[in-house]
Amino acid sequence: MASSAGGSDLFASYEQDFQTVSDSIRSKIDQQIPNQSGEQRKATTRAAEREIDEADEIIGQMEMEILNIPAPSRTRLQAKLRLYKSEAEKMKRDLRRANASGHMNNASSVRDELFGNYSDSNDLDASTMDQRQRLLTGTERLGESSRRLEDSHRIALETEGIGVNILNTLKGQRETMLRARDTLAEADSYIDKASKTLKGMARR
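Letter by letter, the sequence shown follows residues 53 to 256 in my numbering.
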């Protein structure tokens with residue numbers, strides 16, 4: 053493998069490729085995407101994402117090449133590789149921010165279409181604010197009604213449970229009273245028999 057001073061020619065070639073791709077990505081993120089919208093913006097974003105994938109592949113090739121470089125030069129190239137990785141991560145974050153900014157701009161445009169694009173500092177007039185306040189008040193009342201309904205349902209369930217317990221208790225007491233009545237009837241029968249026996253013995 054051919055070597056240049058302090059490293060391999062192949063690693064230097066990868067550095068050039070990374071720089072070329074990085075410049076292209078930066079151009080899209082900093083210049084093109086902020087000034088685009090709609091499908092054009094989406095297409096540029098997809099192209100930037102593909103180039104970021106390409107940058108990651110180049111970094112992977114650098115990592116493999118470093119393994120073949122003698123130790124004296126490896127430490128310096130590993131430091132450069134860490135910088136390239138950091139740059140790749142920064143480009144990913146910047147692209148996500150650019151996309152988020154685009155979504156916010158789109159939402160702002162939709163809001164302007166719905167409420168009107170006012171030139172003065174008040175985006176919403178008094179009528180709109182009044183409608184919004186009434187909507188918030190109605191939402192709060194609906195939430196309060198829902199909570200009351202839930203409380204009523206909970207109390208009904210608790211009352212039903214108490215009623216079931218009372219019925220079970222009364223049922224148990226009724227069964228106890230029936231058994232006591234049967235016992236008393238049986239005792240009365242024994243007393244009648246004993247009384248007849250005693251009377252018979254007395255007549256003798």
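For every residue, glycine included, the Cβ atom is placed at its ideal position computed from N, Cα and C.
For residue i, the three-state DSSP class (helix, strand or coil)
i: SER241; result: helix
Sequence-distant residues of its chain with Cβ nearer than 8 Å to residue i (five each side left out)
i: GLU117; result: SER60, LEU62, PHE63 and TYR66
i: GLU91; result: none
CB of residue i within 9 Å of CB of residue j, strictly
i: SER74; j: ALA107; result: yes
i: LEU147; j: THR97; result: yes
i: MET114; j: LEU129; result: yes
i: ILE104; j: LYS144; result: yes
i: ILE85; j: ALA150; result: yes
i: ILE110; j: ASP82; result: no
i: ILE77; j: ALA100; result: yes
6 Å Cβ shell around residue i - same chain, five flanking residues per side excluded
i: SER55; result: Model confidence at SER55 stands at a pLDDT of 45, short of 50, so the residue's coordinates are unreliable and nothing is read from them.
Same chain, Cβ closer than 7 Å to residue i, neighbours up to 5 away in sequence not counted
i: TYR170; result: In this prediction, TYR170 has a pLDDT of 47, which is less than 50 and means its spatial position is unreliable; what the coordinates show is noted afterwards. The answer is none, since no qualifying residue turns up.
i: ARG126; result: ILE118
Residue i beta carbon near the ligand COA (any heavy atom closer than 8 Å)
i: ILE81; result: Looking for the ligand COA in the displayed structure turns up nothing, as the structure carries no ligands at all.
inquiry  = For a minimum of 4 consecutive residues, which ranges assigned as the alpha helix (DSSP H) are wholly contained in the region 83-120?
reply    = 90-118
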